[in-house]
Amino acid sequence: MSSAADRPRIRSFADDLRLRSAEDLATLVRLRPDIADPIPEDLAQLAARASSNSSIRLVLEGLSRAELAVLAPLATATQPVAPQGLLIAEEYQQRLFVLITRLWSLGVLWGVKPDGLESKVYVATVARELLKSHAEASGREYPPSGAISLDERALKSVSLPFAKTLDGQAGQYALAAVTTVTSLAELWANEPPKALRAGGLAVKDLLAVAEALGEDELAAGFWTELAAAAGLVAADGEDTVRYAPTVSYDSWRLQPPAQQWPLLVRSWLAQRRDISRLAVTAGERASVLGQLPVRDWLPELRLATLSVVAQAPVGEAADLAEIEEHLADRRPMTRRERITSTAAGTMREAEMLGVSARGSISSLGRELVAHASDEGRLAAAAKDVLPPVTEEFVAQADL
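Offset between the sequence shown (1-based) and this note's numbering: plus 475.
So this is what it looks like as structure tokens:
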């Protein structure tokens, strides 16, 4: 453990970033992808983005109740502050350091990387302001008094009948997802639809997709948006713009289904376009592949939903209302309407992709939650679960 005299002097968050290791910087960008799009010119620009109101708000909305319970008293203390002064039970000390380290990794705490609870850190100025305004708006005591509790709400789940068949069902759904996207791409290879002048797919062309896939309009829109997010279909760039399969599709379609599935599910997990707006609302219909709202918070909240579902033991499931309540309790600064819409959409789409079955997360889903960035592990998991593809059908003459 270093002494105070040995620790470098840091005057700003930009100074902090300059001293972070390549691994720590990579972690920051992985946890907060919004600050790296587009790629910043230098660390000063990265620091400015990470310190912005919109980006810090996004971080706070993703913090757990325990993380906020630690951050709030630090935010009201004289800066810099040492976490060892927090009023917390002895049994939580080790977990407290884990939370402090994560908050530093997220950039809402800055200073020299903490190596103990006596290490002094700064709370980002914008975070301090947002925490105070949120407490005032919600009528909560600020700063909170009393000992900090890191206890979390337990997820209530129930056992499902025939639990051993869940992965079999999920494998069927995953294979169907691959087949559905392939069918869409092949449809457009033969009959590429024109793009609307403002961009997007005409209603008649969406209806044609729905009919070809045997799906309703909302599901057809989901598969179309997913294929585009995965880079398998796109506008062709000709004078008369049409949507057609891409070069990437040509190589993807030659792979076995278990290797095709990871691209689809990872593209879904990272999807920021809000396809819930594809439904007709107040007589207005958003266009598939058109100007859908982009929600920077959506991928993180989608993964958080899956993480909650994954807390249930294998073969058990929590209903949607319980998932919403658990998310709301776990993420106090996330708007309830976002939780409601995202949880419902995530659970519906997860089953379409084989990430879940009958409301219970599958082994594919657990692998996705734990190793979303590892395409090889996802492919290996899919190989174990997806049913074999029938190559031939032989009919006997006497049947």
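Cβ atoms here follow ideal geometry from the backbone N, Cα and C, with glycine treated the same way. Since we're looking at a predicted model, the values are computed, not measured.
- How would you write the range of the beta strand (DSSP E) that Tyr567 sits in, first residue to last? What you label residue 567 is simply residue 92 of the sequence shown in a count that begins at 1. Run containing Tyr567: none; DSSP gives neither H nor E here.
- Query: Closest to Glu686 by CA distance: which of Thr655, Pro862, Ser848 is it?
  - Reply: Here residue 686 refers to the residue found at position 211 of the sequence shown. The shortest C-alpha separation from Glu686 is found at Thr655.
- Query: Roughly how many angstroms lie between the CA atoms of Leu764 and Gly674, to the nearest whole one?
  - Reply: Numbered from its first residue, the sequence shown carries residue 764 at position 289. Numbered from its first residue, the sequence shown carries residue 674 at position 199. Distance from the CA atom of Leu764 to the CA atom of Gly674, rounded to whole angstroms, is 7 angstroms.
- Message: Our contact map puts Leu839 next to Ala854 with C-beta atoms below 8 angstroms; I'd like the distance itself, whole angstroms only.
- Response: What you label residue 839 is simply residue 364 of the sequence shown in a count that begins at 1. What you label residue 854 is simply residue 379 of the sequence shown in a count that begins at 1. Contact doesn't hold; Cβ gap of about 11 angstroms is too wide.
- Message: Rounded to the nearest angstrom, what separates Val633 and Glu700 at their Cα positions?
- Response: The count along the sequence shown starts at 1 and reaches residue 633 at position 158. The count along the sequence shown starts at 1 and reaches residue 700 at position 225. Taking the straight line from one Cα to the other gives about 33 angstroms.
- Query: Pick from Arg495, Glu826, Arg806, His609: whose alpha carbon is nearest that of Ala550?
  - Reply: In the sequence shown, counting from the first residue as 1, residue 550 sits at position 75. Nearest of Arg495, Glu826, Arg806, His609 to Ala550, Cα basis: His609.
- Please classify Glu542: is it buried, with 16 or more other beta-carbons within 10 angstroms of its beta-carbon, or exposed? Start at 1 with the first residue of the sequence shown, and residue 542 comes out as number 67. By the neighbour-count criterion, in which a residue is buried when 16 or more other Cβ atoms sit within 10 angstroms of its Cβ, Glu542 is buried.
- Are Lys631 and Glu775 close, meaning C-beta to C-beta below 8 angstroms? For the purposes of this step, residue 631 is taken as residue 156 along the sequence shown, with counting starting at 1. For the purposes of this step, residue 775 is taken as residue 300 along the sequence shown, with counting starting at 1. For Lys631 and Glu775, no; Cβs fall outside 8 angstroms.
- Query: Along the chain, where does the alpha helix (DSSP H) that runs through Pro636 open and close?
  - Reply: Counting from one through the sequence shown, the residue named residue 636 turns up at place 161. Per DSSP, Pro636 belongs to no alpha helix (DSSP H) and is neither H nor E.
- Query: Terminal residues of the continuous beta strand (DSSP E) containing Ala497?
  - Reply: Residue 497 sits at position 22 when you count from the first residue of the sequence shown. Counting along the chain, Ala497 sits inside no beta strand (DSSP E); it lies in the alpha helix (DSSP H) bounded by residues 497 to 506.
- Candidates Ala651, Asn665, Arg805, of which the one nearest Glu690 by Cα: As a first step, residue 690 must be located in the sequence shown, where it is residue number 215. For the residues Ala651, Asn665, Arg805, the minimum Cα distance to Glu690 belongs to Ala651.
- Contacts around Val583, its chain only, beta-carbon distance under 6 angstroms, and the 5 residues preceding and following it disregarded: Residue mapping note: residue 583 aligns to position 108 of the sequence shown, counting from 1. Answer for Val583: Val534, Ala599, Ala602, listed in chain order.
- Message: Less than 8 angstroms between the beta carbons of Ser742 and Ala705, yes or no?
- Response: Sequence index remark: in the sequence shown, residue 742 carries index 267 (1-based). Sequence index remark: in the sequence shown, residue 705 carries index 230 (1-based). Their beta carbons are under 8 angstroms apart, which means Ser742 touches Ala705 by this criterion.
- Message: Assuming Met828 and Val740 are in contact, meaning their beta carbons sit under 8 angstroms apart, how far apart are those beta carbons, in whole angstroms?
- Response: As a working mapping, residue 828 is identified with position 353 in the sequence shown. As a working mapping, residue 740 is identified with position 265 in the sequence shown. According to the sequence provided, residue 828 is Leu. The question's Met does not apply to it. Contact between Leu828 and Val740 is confirmed by a C-beta separation of about 5 angstroms, below the 8 angstroms threshold.
- Does the beta-carbon distance from Ala677 to Pro667 come in below 8 angstroms? As a position in the sequence shown, residue 677 is number 202, starting the count at 1. As a position in the sequence shown, residue 667 is number 192, starting the count at 1. Cβ distance not < 8 angstroms, so Ala677 and Pro667 don't count as in contact.
- Message: Please classify Arg507 as buried or exposed, where buried requires at least 16 other C-beta atoms within 10 Å of its C-beta.
- Response: Start at 1 with the first residue of the sequence shown, and residue 507 comes out as number 32. Counting Cβ neighbours within 10 Å, Arg507 comes out buried, since at least 16 surround it.
- Query: Pro807 bridges to which residues according to DSSP?
  - Reply: For the purposes of this step, residue 807 is taken as residue 332 along the sequence shown, with counting starting at 1. Answer is none; Pro807 lacks a bridge partner.
- Do Leu641 and Arg810 have their C-beta atoms closer together than 8 angstroms? Start at 1 with the first residue of the sequence shown, and residue 641 comes out as number 166. Start at 1 with the first residue of the sequence shown, and residue 810 comes out as number 335. No Cβ-Cβ contact shorter than 8 angstroms links Leu641 with Arg810.
- Query: What is the DSSP secondary structure of Leu592, counted as helix, strand or coil?
  - Reply: Within the sequence shown, residue 592 is the residue found at index 117, counting from 1. Judged by DSSP in its simplified three-state form, Leu592 adopts coil rather than helix or strand.
- First and last residue of the beta strand (DSSP E) that includes Val708? Within the sequence shown, residue 708 is the residue found at index 233, counting from 1. 708 to 710 is the extent of the beta strand (DSSP E) around Val708.
- Which residue or residues does DSSP assign as beta-bridge partners of Trp585? Within the sequence shown, residue 585 is the residue found at index 110, counting from 1. In DSSP, Trp585 forms a bridge with Tyr597.
- For the alpha helix (DSSP H) that Ala702 lies in, which residues bound it at each end? For the purposes of this step, residue 702 is taken as the residue at position 227 of the sequence shown. Looking at the DSSP string, the run of the alpha helix (DSSP H) that includes Ala702 is 692 to 704.
- Can you give me the Cβ contacts of Ala660 inside the same chain, cut-off strictly under 8 angstroms, excluding the 5 residues immediately before and after it? By one-based count along the sequence shown, residue 660 stands at place 185. Only Ala702, Leu707, Val708, Pro720, Tyr724, Arg728 meet the Cβ criterion.
- Message: Relative to the C-alpha of Glu627, which candidate in Val844, Met822, Ala825, Val783 has its C-alpha closest?
- Response: Here the question's residue 627 lines up with position 152 in the sequence shown. Out of Val844, Met822, Ala825, Val783, Val783 has the C-alpha closest to the C-alpha of Glu627.
- Task: Determine the contact status of Leu781 and Ala825, defining contact as a CB-CB distance below 8 angstroms.
- Result: As a working note, residue 781 is residue 306 in the sequence shown. As a working note, residue 825 is residue 350 in the sequence shown. A contact, by the Cβ cut-off of 8 angstroms.
- Would a C-beta distance cut-off of 8 angstroms place Ala733 and Leu843 closer than the cut-off? Along the sequence shown, read from residue 1 onward, the residue named residue 733 stands at position 258. Along the sequence shown, read from residue 1 onward, the residue named residue 843 stands at position 368. Not a contact, by the Cβ cut-off of 8 angstroms.
- Cross-strand partners of Glu791 (DSSP beta bridge): Working through the sequence shown from its first residue, we reach residue 791 at position 316. DSSP output for Glu791 lists Ser634 as bridge partner(s).
- Message: Below 8 angstroms on the Cβ atoms is my contact criterion, and I expect Leu767 with Asp794 to pass it. Report the Cβ-Cβ distance as a whole number of Å.
- Response: For the purposes of this step, residue 767 is identified with residue 292 of the sequence shown, where counting begins at 1. For the purposes of this step, residue 794 is identified with residue 319 of the sequence shown, where counting begins at 1. Between Asp794 and Leu767 the Cβ distance is about 29 angstroms, and since that is not below 8 angstroms, they are no contact.
- Item | Distance between Val545 and Leu671 (C-alpha atoms, nearest Å) | Walking along the sequence shown from the start, residue 671 turns up at place 196. Walking along the sequence shown from the start, residue 545 turns up at place 70. Answer to the nearest angstrom: the Cα atoms are 51 angstroms apart.
- Label Val722 either buried or exposed according to how many other C-beta atoms from any shown protein chain fall within 10 Å of its C-beta, with 16 as the threshold for buried. Indexing the sequence shown from 1 puts residue 722 at position 247. By the 10 Å Cβ count, Val722 comes out exposed.
- Please work out which residues of its chain come closer than 7 angstroms, Cβ to Cβ, to Ala757, disregarding the five sequence neighbours upstream and downstream, and give them in chain order. Counted from its first residue, the sequence shown places residue 757 at position 282. Confidence is the limiting factor: at Ala757 the pLDDT is only 41, short of 50, which leaves the residue's position unreliable and the question unanswerable from this model.
- Item | Nearest residue (CA-CA) to Arg493, options Gly586, Arg752, Arg770, Glu616 | To locate residue 493, count along the sequence shown from 1; it is residue 18. Distance from the Cα of Arg493 is smallest, within the candidate group Gly586, Arg752, Arg770, Glu616, for Gly586.
- Message: Just to confirm my understanding: we take Arg770, look at its own chain, exclude 5 residues before and 5 after, and list those with CB closer than 7 angstroms. What are they?
- Response: In the sequence shown, the residue the question calls residue 770 occupies position 295. For Arg770, the CB contacts under 7 angstroms within the same chain, skipping 5 residues up- and downstream, are Arg747, Asp749 in chain order.
- Go through its chain and collect everything with a Cβ distance to Thr502's Cβ below 6 angstroms, but skip five positions before and after it. Position 27 of the sequence shown, counted from the start, is the residue given in the question as residue 502. Cβ within range, chain order: Ser580.
- Message: Please state whether the Cβ-Cβ distance between Glu593 and Arg806 is less than 8 angstroms.
- Response: Within the sequence shown, numbered from 1, the residue matching residue 593 stands at position 118. Within the sequence shown, numbered from 1, the residue matching residue 806 stands at position 331. Contact check for Glu593 against Arg806 fails: the beta carbons are separated by 8 angstroms or more.
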